[in-house]
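**Student:** Yeah, the sequence shown ends on 904 if you go by my numbering, and it's all consecutive.
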Amino acid sequence: MKGNARYYVAILLLLAFVLRLGAAAYWHRLAQSEGRLFRLGDSHSYWTLASQLGAGLPYEYGSSESRIFRAPLYPMLLAPLTRLSGPTAAVWWARVAGCLLGTLSVGLVVLLARRLGGMCAAVVTAALAAAYPSAIGMSIVVLSESLFMPLMVGYLLLWQSAWSASQRSQTLLYALLAGGVAGAAVLTRPSWLLFVPFVFGLGVFFSRHRGRHVAVFVATLLGLSVVMAPWWIRSALITGHFVPTTLQVGPSLYDGLHAGATGASDEGMAFMADIIARQERDDAQSTQSLASTLEYRINDRAQREALAWAWENPLEVLRLAARKFSRIWSLWPDGGDLGSTPVRLAISLSCFTVLLLALHYAAWMIRTNTWFSFICWCPCIYFTLLHMVFVGSVRYREPAMFVLLALAGSAMARLFRCRDLGSAPESSEPKPGIPKPGIPRSGNPESTVLEPKAGRVHGSAAVSHE
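1. DSSP state of SER602, grouped into three classes?
2. Could you please give the first and the last residue of the uninterrupted alpha helix (DSSP H) stretch that includes PRO780?
3. If you draw a straight line from the alpha carbon of ALA796 to that of LEU615, how long is it in whole angstroms?
4. If you draw a straight line from the alpha carbon of VAL829 to that of ALA748, how long is it in whole angstroms?
5. Name the two residues that bound the continuous alpha helix (DSSP H) containing HIS466.
6. So, with DSSP's three-state summary, where would you put ASN737?
7. Which value, in whole angstroms, describes the spacing of the CA atoms of ARG835 and THR725?
8. Let me know if HIS696 comes out buried or exposed under the rule of 16 or more other beta-carbons within 10 Å of its beta-carbon.
9. Grab me the residues of SER599's own chain with a C-beta within less than 7 angstroms of its C-beta, minus the 5 sequence neighbours each way, in chain order.
10. With burial defined as no fewer than 16 other Cβ atoms inside 10 Å of the residue's Cβ, what is the status of SER880: buried or exposed?
11. Spatial neighbours of GLY621 within its chain, please: C-beta separation below 8 angstroms, excluding the five flanking residues on both sides.
12. Nearest by alpha-carbon distance to THR626: which of VAL827, PHE680, THR684 is it?
13. Since GLY617 contacts THR658 with CB under 8 angstroms, what's their CB separation in whole angstroms?
14. Tell me where the alpha helix (DSSP H) around ARG533 begins and ends.
15. Would you mind sorting SER848 into buried or exposed? The rule is 16 or more other CB atoms within 10 Å of its CB.
16. Are the segment 457-470 and the segment 632-644 in contact at 8 angstroms, needing three or more beta carbon pairs?
17. Please give me, in chain order, every unbroken run of the alpha helix (DSSP H) with length at least 4 that falls completely inside the segment 673-761.
18. Beta-carbon within less than 8 angstroms of ASN737's beta-carbon, same chain only, minus the 5 sequence neighbours each way: which residues are those?
19. Flag this pair as yes or no: are the beta carbons of ALA844 and LEU554 separated by less than 8 angstroms?
20. Can you grab the Cα-Cα spacing for the pair VAL792 / TRP601, in whole Å?
21. Where does the unbroken alpha helix (DSSP H) through VAL841 begin, and where does it stop?
22. Kindly indicate which residue of VAL827, ILE813, ALA851 has the alpha-carbon position closest to the one of MET839.
23. Within its chain, find whatever has a CB closer than 6 angstroms to the CB of SER861; leave out the 5 residues flanking it on each side and keep chain order.
24. Among SER502, GLY524, ARG533, which one has its Cα closest to the Cα of LEU516?
25. Suppose the cutoff is 7 angstroms on Cβ atoms and the five residues either side in sequence are ignored; what does the same chain contact list for ALA461 look like?
26. Would PHE633 and TYR512 qualify as a contact pair, given that the criterion is a beta-carbon distance under 8 angstroms?
27. ALA722 to SER831, Cα distance in whole Å?
28. Buried or exposed for PRO668, please, with buried defined as at least 16 other CB atoms from any protein chain shown within 10 angstroms of its CB.
29. Would ALA746 and LEU691 qualify as a contact pair, given that the criterion is a beta-carbon distance under 8 angstroms?
30. Select from VAL841, MET850, ARG648 the residue whose C-alpha is nearest the C-alpha of ILE546.
31. What did DSSP end up calling ALA509 once you bin it into helix, strand or coil?
32. Which word fits SER582, buried or exposed, when buried means at least 16 other C-beta atoms lie within 10 angstroms of its C-beta?
33. If you draw a straight line from the C-alpha of VAL529 to the C-alpha of GLU498, how long is it?
34. Using beta carbons (cut-off 8 angstroms, strictly below), is ASN751 in contact with chain B?
35. Between which two residues does the alpha helix (DSSP H) carrying HIS482 extend?
36. From the DSSP output, in three-state form, read off TYR570 for me.
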C-alpha cells in the first residue's frame, strides 16, 4: 500500500477542493438570494480596498483619513478579480481563489503530519483537513483567513526546518525564509506580528540551547523586516511615525477593554463615533499644530483610553479575560450568519474531537518527541492569550485548530496501528555527526519542551525506548 500513499493524498486534496467549491456555490447563492454580495461585514472592507487597488486609486477605506485601515496583502490578492465584469462574477471568482488557497492549506498541514507521524498520518490528516467544517468555511468567505492559513502553516514548516537543519547555513536560510513568510502572514492578519517573539521567548525560557534560538530568531526577524519594510515605510511617510501593523490596533484594544465591555466585539464598533467626535472637537480647540493624521490620533486616543481603563480596573480586566476565554473555547458557537443548528453542531463536534485527539498524541509524544508536538500547539496558546486581551470569538481559535489536525491525524494513525503507507516520519534531529538539540555530547538525553528525545524508528512511527 505504501506506493499508493501519494495517490491517496492527491485524491483527498481533490476532494478538499470539490467540497470547498460546492460550499462556496451554496454560500454564494445564499448571498444572492438575500440581495447582497457578502454575508459577513468584514468582507466589504476587504473588497472595497481591493477595488481601490484594482481601479488604480489610493489605498484608502472611505476617505483619505483611513489609509492604514487594513493590512494590504489580501486586498492585493483580490485586486485583479475586482476588474472582472460584474461584481457578482468577481466575488464568485474570489471565492474560487479562496477554495484554492484552502486546498493549499490542506496540502501544507499534510506535510506537517508527514513530519510528525509518517505517511499514514499524512493520509489520515488529509482526510480530516479536507472535511473539517471550519476549514471549509474559512475558504469560502471573502476574509483574510483564506490567505493567512497557508502562510501560517508554511511558517511553522520552515521554522521546524530551521531548527532541525544540520548545518548553520541551512538553519539561517530556513529561518530567513520563515521570517519572510511570517511577514507575509502579518501583512494578511496583523495579529500574527507577536508570534515570532512569542516563540522565541518560549524557546529561551524552556531550552538550554538559547544560542540556537537566538540565531533562528534574529534571522527570522530579518526576513520578516525585509518583507514588511515597504508597508512600514509607506505608513511612516503618511503619519510621520512608525506603525507596526495598522491603525486599527487602538480601536480593537478599546473594543475589548472599556466600561461596559462584554468580551465580544461591538458589531460595527459603534463606540468609535464618540471617540472620533471627541478627537475632532479637541483638534478644533487646539492652538498647537496637530500631530500626524486624524487616523493616527484616533488610534492613539483609543489605545490610551483602553490602557488607562485597564490600569484602573484590574479585576474587571481579569473577569473579561475569563469571559473571552470562554467565548473562544465555547462548546456551542454563537449564532449570527453561521448560526444554524446543524452548522454549529458540526463546528463544535469537529473542534473538540480534534482537540481530544491532539491532546492524546501530545501526551504520547512527551516521551518521544515533545518539540514536534509543541510546534503545533504554539498558535493555539498564542491566539488564546492574545484574544483574552482583545475580544473573544470562536473565529479566532479556528486557524489554530487547523494546525492541530496534524496531531489529530497522527493520533488516529497510531490508534489504528496504521504503518503500511510509507516510510518513517522525518526526524527533527540534525544529521549524524552534528550534536542534536536536547542531547548533550555525553549522549544522555535531557528533554526540554522544545527539544526531541532519542527514539528508534519502527515501521512508520517513532517508538520510544520503553
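For each residue, glycine too, the CB sits at the ideal point set by N, CA and C.
**Tutor:** Let me lay it out:
1. helix
2. 779-803
3. 28 angstroms
4. 14 angstroms
5. 443-471
6. helix
7. 47 angstroms
8. buried
9. TYR612
10. With a pLDDT of only 36 at SER880, under 50, the local geometry of the prediction cannot be trusted, and the value read off the model is given with reservation. Exposed, since its Cβ has fewer than 16 Cβ neighbours within 10 Å.
11. GLY661, LEU662, SER663, VAL664, VAL665, MET666
12. THR684
13. 4 angstroms
14. 525-555
15. buried
16. no
17. 687-694, 710-723, 732-750
18. LEU685, GLN686, VAL687, GLY688, PRO689
19. yes
20. 26 angstroms
21. 836-853
22. ILE813
23. Because the pLDDT at SER861 is just 43, under 50, the model does not fix this residue reliably, and the point stays unresolved.
24. ARG533
25. ILE574, ILE578
26. no
27. 38 angstroms
28. exposed
29. no
30. What sits at residue 546 in the sequence shown is Leu, not Ile. Nearest C-alpha to LEU546: VAL841.
31. coil
32. buried
33. 20 angstroms
34. Of the chains in the structure shown, none is chain B; there is only one protein chain.
35. 479-492
36. coil
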